[in-house]
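Reading through the structure tokens given below for one structure.
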Amino acid sequence: LGSGTQLALAVGRALAEVHGLGPDPVALADAVGRTRRSSVGIWTFACGGLVLDGGRVPGETRCGPLLARVSLPESWRCVVGIPEAQPGMSGEQEAHILAGLPPPPRHEVEALAHLVLLRLLPATLEPDFAAFGAALTDVQEVTGRWFGSAQGGVYAPGPTADLVAALRGFGATGVGQSSWGPAVFGFVEGEARGRALADEVRRQLGPGGRVYEGPIGAEGARVWSSASPSD
3 LGSGTQLALA
13 VGRALAEVHG
23 LGPDPVALAD
33 AVGRTRRSSV
43 GIWTFACGGL
53 VLDGGRVPGE
63 TRCGPLLARV
73 SLPESWRCVV
83 GIPEAQPGMS
93 GEQEAHILAG
103 LPPPPRHEVE
113 ALAHLVLLRL
123 LPATLEPDFA
133 AFGAALTDVQ
143 EVTGRWFGSA
153 QGGVYAPGPT
163 ADLVAALRGF
173 GATGVGQSSW
183 GPAVFGFVEG
193 EARGRALADE
203 VRRQLGPGGR
213 VYEGPIGAEG
223 ARVWSSASPS
233 D
């Protein structure tokens, strides 16, 4: 979901506005040190919607190119649940772990490209909610295996994996884990079902968890000014 990058960019964008600097998201990302790995957070901050990051050559630090950006129907509701658990890996710890992982098998990389380009993206454009959810679930399963040796399974064991199973049991589709967890997301169709799923997840997580529900934002970050208390 790129939340860490988006938070850093929000702070950077606010400072840029105060000092009259340009809003270029790639320049901002470079300034706040968020171009080391995935560029998903950069493009969702800039554009909103579902984005496809083109990646980059190993060893380079430039922002990955934006290959595609699609708005999802407002009726496709996403529920994000964050269990009360230790945050996932980040920073130097994450860099160390990633450096030690073997490259994914080529046939799985090719299968993932097929999933995204010929199933996931077409499903968003048609739009076909069932096909979208099935494709996103398969994407999560493939990529989760690549990091399984580092996190202990396709999904992080404990509260994160438990929530993945619970969301599926509640009828969500396209269920996945954000980065290393603990945040988990899932989709349902219709506002009423989205709110009902959010209520189920709140009961599942208890008072220590956090739950968010709504459509995927179709716009990038917005900037507005607040009047000072003396005005």
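Residue numbers (the numbering used here): 3 to 233.
Glycine is no exception: its CB is placed at the ideal position from the N, C-alpha and C atoms.
Enclosing alpha helix (DSSP H) for D55 [first to last residue]: By one-based count along the sequence shown, residue 55 stands at place 53. It is not in any alpha helix (DSSP H) - D55 instead sits in the beta strand (DSSP E) that spans L52 to D55.
R147 to G22 span [Cα, whole Å]: Here residue 147 is taken as the residue at index 145 of the sequence shown, counted from 1. Here residue 22 is taken as the residue at index 20 of the sequence shown, counted from 1. Whole-angstrom Cα-Cα distance: 45 Å.
Y214 classed as buried or exposed, judged by whether at least 16 other C-beta atoms fall within 10 angstroms: For this step, residue 214 is matched to residue 212 along the sequence shown. Per the 10 Å Cβ criterion, exposed.
Simplified DSSP assignment, three categories, for D233: Residue numbering aside, residue 233 sits at position 231 when the sequence shown is read from its first letter. With a pLDDT of 49 at D233, under the threshold of 50, the modelled position of that residue is not reliable, and no figure is offered here.
Span of the beta strand (DSSP E) around V13: For this step, residue 13 is matched to residue 11 along the sequence shown. Careful: V13 lies outside any beta strand (DSSP E), inside the alpha helix (DSSP H) at S5 to V20.
Closest by C-alpha distance to V186, when choosing among G192, A194, G160 and P104: Numbered from 1 along the sequence shown, position 184 holds the residue referred to as residue 186. The option with the nearest alpha carbon to V186 is G160.
Segment contact flag, the region 101 to 108 with the region 155 to 171, C-beta cutoff 8 Å, min 3 pairs: Contact between the region 101 to 108 and the region 155 to 171 is absent: fewer than 3 CB-CB pairs across the two stretches fall below 8 Å.
Contact check, G51 vs R71, beta carbons under 8 Å: Here residue 51 refers to the residue found at position 49 when the sequence shown is read from its first residue. Here residue 71 refers to the residue found at position 69 when the sequence shown is read from its first residue. It is a contact, given that the beta carbons lie within the stated cut-off.
Opposing strand residues paired with G216 [DSSP bridges]: Position 214 of the sequence shown holds residue 216. Paired residues: C80.
Proximity below 8 Å, CB of V53 to CB of T46: Within the sequence shown, numbered from 1, the residue matching residue 53 stands at position 51. Within the sequence shown, numbered from 1, the residue matching residue 46 stands at position 44. Contact: yes.
Between the CA atoms of E94 and A136 - distance to the nearest angstrom: As a first step, residue 136 must be located in the sequence shown, where it is residue number 134. As a first step, residue 94 must be located in the sequence shown, where it is residue number 92. Those two C-alpha atoms are separated by around 34 Å.
Those residues which DSSP pairs with Q142 across a bridge: Your numbering for residue 142 matches position 140 in the sequence shown. Paired residues: none, contrary to the question.
Close beta carbons around R15, own chain, < 7 Å, minus the five adjacent residues each side: Stepping through the sequence shown from its first residue, residue 15 is reached at position 13. Taken in chain order, the residues that qualify are P25, L30, A223 and V225.
Member of P105, L69, D164 and L17 whose CA lies at the smallest distance from the CA of A87: Position 85 of the sequence shown, counted from the start, is the residue given in the question as residue 87. For A87, the nearest C-alpha among the options comes from D164.
Simplified DSSP assignment, three categories, for F187: Here residue 187 corresponds to residue number 185 of the sequence shown, with the count starting at 1. F187: strand per DSSP, three-state reduction.
C-alpha gap between R79 and P107, whole angstroms: To locate residue 79, count along the sequence shown from 1; it is residue 77. To locate residue 107, count along the sequence shown from 1; it is residue 105. Roughly 33 Å between the two C-alpha positions.
Sequence-distant residues of its chain with Cβ nearer than 7 Å to F134 (five each side left out): On the sequence shown, residue 134 is found 132 positions in, with the first residue counted as 1. Excluding positions up to five away in sequence, the list reads L122, A125, T126 and G176.
Neighbourhood of M91 by C-beta distance below 7 Å, restricted to the same chain and skipping five residues each side: The residue given as residue 91 occupies position 89 in the sequence shown. Closer than 7 Å at Cβ, skipping near neighbours: I99 and W182.
Straight-line Cα distance separating S227 from D233: Locating residue 233 in the sequence shown gives position 231, counting from the first residue. Locating residue 227 in the sequence shown gives position 225, counting from the first residue. Only weak support is given to the placement of D233: the predicted model assigns it a pLDDT of 49, under 50, and the question is left unresolved by the model.
Assigned secondary structure, A87 (DSSP; H/G/I helix, E/B strand, else coil): Stepping through the sequence shown from its first residue, residue 87 is reached at position 85. Coil.
CA nearest to the CA of A220, picked from P75, T7 and L199: As a working mapping, residue 220 is identified with position 218 in the sequence shown. The residue with the shortest Cα to Cα distance from A220 is P75.
Cβ neighbours of C49 in the same chain (closer than 6 Å, five flanking residues each side left out): In the sequence shown, counting from the first residue as 1, residue 49 sits at position 47. Hits under 6 Å: R71 and G222.
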